[in-house]
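Notes follow once the structure below has been shown.
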Amino acid sequence: MRRLLVVLLLLLTACTGTPSLKLAPTPTGTPVPGGADLVAAAFLSAWERGDLEGMYSLLSPTSQALIERQAFLARYQTFAQQGGVTAVHPQVLSALQDGDRATVAYQVTYEVVVLGSIGPKQMAMPLVYAGGRWGILWSDGLIMPELAGGNRLRLDVRAPARANIYDRNGRVLAADEPAVTIGVVPRAIEDLATVLATVSPLVGRSQADLAAKIEAAAPDWFVPLGVVTQETAQANYAALTALPGVQLRESFVRGYREGVAPHVVGVVGPIPPERLAEYRAKGYSGDEQVGITGLEAWGEPYLAGTRGATLVVVTPQGQISTTLAKREPQPARNVYSTLDYDLQIAAQALLKDRRGAIVVMDVHTGEVLALASSPGFDPNTLVKPGAPAEALDELLNHPDRPLLNRASQGVYPPGSVFKIVSMAAALEAGGYTPQTPYTCTGIWTGLGPNWVKRDWKPGGHGTISLRQALVVSCDPYFYEIGLNLDRMDPNLLPSYGHRFGFGAPLGVEGLSEEAGLMPDPTWKRDRLGEAWTPGDSVNLSIGQGYLLVTPLQVADALAAVANGGTRLKPLLVHHVAAPGGESQSFIQPQPLGTLPVSPEHLAVIQDALRGVTSEQGGTARYRFSDLSLPVAGKTGTAENPAETPHAWFAGYAPATDPQVAIAVLVENAGEGAEVAAPIFRRLVEVYYRLPQAPLPWETPTPTPSPSP
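See the structure below:
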């Protein structure tokens with residue numbers, strides 16, 4: 005009302021021309037600017053993106069005097085580390101300013117490993133205007149209400165026992181074995197030097213490494229320093245338990261039964277540094293052993309199970325005051341491989357003291373029944389407690405490369421095994437029939453008189469048909485095929501090789517693979533800067549030249565020939581199952597494509613492969629003539645510059661009702677019929693439980709003569 009009267013008086017004065025009345029201003033204090041809410045929002049935004057330095061800069065001078073910058077940073081870092089907090093999502097709710105004081109209400113949702121989202125939790129942030137700016141009056145309770153008064157978080161992660169790996173029939177291939185973990189509680193240590201000197205030689209880690217690990221840990225945490233066998237723990241029990249702060253806990257180490265199929269089963273090892281963040285986000289501490297290769301690596305999500313955790317608030321006195329969240333661990337699941345233990349053992353034994361590979365596949369499902377690479381290695385030497393650090397280096401530097409999986413990573417010229425592909429191309433696209441004749445004199449000059457090529461058999465094979473050419477493995481016949489196909493189209497024969505599965509990985513879960521090399525005109529131009537020549541097709545026709553394949557690819561191709569033309573993805577996992585729980589099957593056949601061969605022509609190829617092992621002149625007849633089960637296959641002698649050729653035999657059994665395909669490769673062993681074919685035969689005998697004929701290199705056991 006008073007203001008209204010003043011206004012009316014001024015208006016009246018203006019109308020009457022009376023001089024204006026000048027009023028003195030009412031004195032006031034210096035106004036406090038707004039913006040407390042913006043400072044709070046900036047503080048929370050910096051927290052969300054991990055800018056701890058930026059957060060500290062927004063504290064009030066009073067708070068900065070009470071907590072040093074490093075202590076402030078350490079408080080948030082410890083909160084995240086000990087609580088397993090991976091992210092925070094804060095949000096300003098409201099702000100209230102009263103002079104030089106303000107309060108901002110906000111909430112925070114916390115992302116915690118294993119447990120997921122916790123919150124939101126609501127808090128109030130006090131601010132004060134001092135020194136010309138708004139600053140935060142900081143306390144522990146601004147991190148989380150429960151941390152007021154110096155409390156801290158502790159995330160207790162519980163991991164289920166690692167599950168086992170079995171063969172297809174439930175025989176153990178990999179399982180945990182009892183051991184002992186030596187660890188310390190830092191706060192309880194009285195003589196660190198003695199602890200380090202005692203523990204270091206037992207766990208195979210330097211004193212400096214152990215000291216750094218202890219220094220980085222929370223004072224009340226159990227810090228595992230290493231794993232030892234039960235025998236080692238027992239022998240050193242008195243010395244260890246006499247040291248304050250040292251604790252012994254039951255634990256487990258991975259054990260591999262007799263070193264069976266190490267390239268398939270794989271091995272566990274320390275978490276690779278580049279994957280440490282990934283594993284920690286799943287609740288791993290970083291000290292665990294995880295799958296590094298093979299089925300151990302592929303099956304990590306199943307074998308390790310799902311970690312459980314409990315997030316608690318701990319008082320400065322070490323007492324649990326509150327449980328914030330809890331999740332129970334989910335049991336691990338066993339992995340059942342497709343391997344047949346007995347067949348795998350036989351395959352490994354047959355390659356003993358040799359370099360080579362064996363693959364046995366089910367032709368109808370793609371299941372791998374055996375996969376052996378030689379020389380192999382015993383994974384137990386890498387994982388057993390106290391294993392020397394040099395163990396891995398010795399394997400890596402061994403001249404025979406035992407860690408190389410020759411079945412899927414070794415690449416070799418296939419030699420005459422590739423004649424199966426050349427025959428298919430000749431029948432389908434080259435105008436050949438099974439009876440197309442050719443006279444083999446043992447010498448071939450199709451590339452000109454200066455490029456003479458010879459057959460493996462001096463004098464040649466005479467006049468033979470295409471079918472017979474595969475049976476007796478006549479090189480000149482296939483040289484002629486290669487030349488004729490090249491004249492039609494230089495890409496013709498390479499395209500058939502691609503469609504048989506060569507030159508590309510098969511995509512097998514749990515295996516590292518090499519693609520090999522299926523050369524063609526484009527590859528040669530781009531890689532070597534040279535034009536494709538008829539000689540390249542001629543060499544390719546007998547599996548030589550630039551061509552490189554893996555034994556796994558050869559087994560897969562022969563399985564397709566055996567089953568009627570369907571290429572299948574090789575499978576190594578039969579099923580996954582928790583103890584007493586439901587199983588998840590992995591053996592559904594997965595077609596990769598169809599061979600570019602008509603049923604009629606495929607039947608001719610199958611018949612010729614049967615002839616290799618049963619007909620007069622067949623390159624492997626003398627190895628199989630007395631075998632009660634009919635088999636089909638192809639020998640291969642792959643030239644290897646400056647060294648003895650590699651020996652191949654690839655085929656399937658029974659020839660009349662194919663069930664399994666087998667590829668055998670023995671490095672530098674000469675002709676395929678001499679070494680590879682007998683190994684193939686023994687595998688058939690083992691799989692079908694047939695009487696086992698002596699191998700050519702075995703010394704027969706003499707039958708004792710009866711006493712007179």
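Numbering (this note's numbering), first residue to last: 5 to 712. Ideal placement from N, C-alpha and C gives every residue a C-beta, glycine not left out.
Does residue i pass the burial test, meaning 16 or more other C-beta atoms within 10 Å, or should it be called exposed?
| i | result |
| --- | --- |
| T342 | buried |
| S711 | In this predicted model, S711 has a pLDDT of only 34, less than 50, meaning its place in the structure is not dependable; the value taken from the coordinates is given anyway. So S711 counts as exposed. |
| H402 | exposed |
| E604 | exposed |
| Y442 | buried |
| P700 | exposed |
| R253 | exposed |
| N454 | exposed |
| Q348 | buried |
| D397 | exposed |
| R627 | buried |
| P595 | exposed |
| K26 | No answer about K26 holds up, because its pLDDT of 40 lies below 50 and its placement is not dependable. |
Please name the residue, chosen from the options, that lies closest to residue i on a Cα-to-Cα basis.
| i | options | result |
| --- | --- | --- |
| G507 | S289, S64, A519 and Y442 | A519 |
| A563 | I468, L280 and L613 | L613 |
| I362 | W652, L196 and E534 | W652 |
| S255 | N495, T641 and E292 | E292 |
| D404 | S378, S98 and S412 | S378 |
| Y483 | L596, L451 and G514 | L451 |
| V132 | L97, S64, A654 and P662 | S64 |
| R191 | A178, L177, G249 and A46 | G249 |
| L247 | E534, A197 and A657 | A197 |
| Q548 | A75, F76, T113 and T641 | T641 |
Determine the contact status of residue i and residue j, defining contact as a CB-CB distance below 8 Å.
| i | j | result |
| --- | --- | --- |
| P417 | L556 | no |
| R337 | A167 | yes |
| G370 | P574 | yes |
| N488 | D524 | no |
| L521 | Y481 | no |
| V577 | V339 | yes |
| L200 | T236 | no |
Just the C-alpha distance for residue i and residue j, rounded to the nearest angstrom, thanks.
| i | j | result |
| --- | --- | --- |
| W225 | Q251 | 11 Å |
| P462 | V456 | 14 Å |
| V558 | N672 | 18 Å |
| Y283 | A308 | 12 Å |
| L431 | W448 | 21 Å |
| L214 | V316 | 28 Å |
| L532 | A646 | 22 Å |
| G295 | P276 | 10 Å |
| A345 | L299 | For clarity, residue 345 is Tyr in the given sequence; the question names Ala instead. The straight-line gap from Cα to Cα measures roughly 15 Å. |
| G622 | V476 | 5 Å |
| V2 | Q588 | Because the chain spans 5 through 712 in this model, residue 2 falls outside it and cannot be assessed. |
| R458 | P634 | 32 Å |
| S210 | V232 | 15 Å |
| T245 | E219 | 21 Å |
| M127 | L146 | 7 Å |
| P320 | N155 | 6 Å |
| P29 | A40 | Low local confidence applies: a pLDDT of 46 at P29 is under 50, so the model's placement there is unreliable, with the coordinate-based value given in what follows. When rounded, the distance between both Cα atoms is 29 Å. |
| T440 | G486 | 15 Å |
| Q111 | P182 | 47 Å |
| G208 | A391 | 8 Å |
| M129 | G120 | 25 Å |
| V189 | A84 | 21 Å |
| T310 | V118 | 8 Å |
| Q610 | T297 | 37 Å |
Which two residues bound the contiguous beta strand (DSSP E) that contains residue i?
| i | result |
| --- | --- |
| G230 | V227 to V232 |
| Y692 | Per DSSP, Y692 belongs to no beta strand (DSSP E) and is neither H nor E. |
| I485 | Note, I485: premise wrong, no beta strand (DSSP E); alpha helix (DSSP H) at D479 to M492. |
| I324 | I324 to R331 |
| W138 | R137 to I140 |
| D160 | R156 to R162 |
Using 8 Å as the limit for Cβ to Cβ distance, is residue i near chain D?
| i | result |
| --- | --- |
| V565 | Among the protein chains of the structure shown there is no chain D, as only one such chain exists. |
What are the boundary residues of the alpha helix (DSSP H) that residue i is part of?
| i | result |
| --- | --- |
| R284 | L280 to R284 |
| Y656 | Here Y656 belongs to no alpha helix (DSSP H); instead the beta strand (DSSP E) covers E647 to A657. |
| Y133 | No alpha helix (DSSP H) holds Y133; the beta strand (DSSP E) holding it covers G120 to A134. |
| R258 | First-last for R258: V250 to Y260, but that is the beta strand (DSSP E), not the alpha helix (DSSP H). |
| N543 | P538 to S545 |
| L42 | A40 to E52 |
| R503 | L496 to R503 |
Check whether the Cβ of residue i lies closer than 7 Å to any heavy atom of the ligand SAH, and answer yes or no.
| i | result |
| --- | --- |
| G249 | By its list of ligands, the structure shown contains no ligand whatsoever, and the ligand SAH lies outside what it can speak to. |
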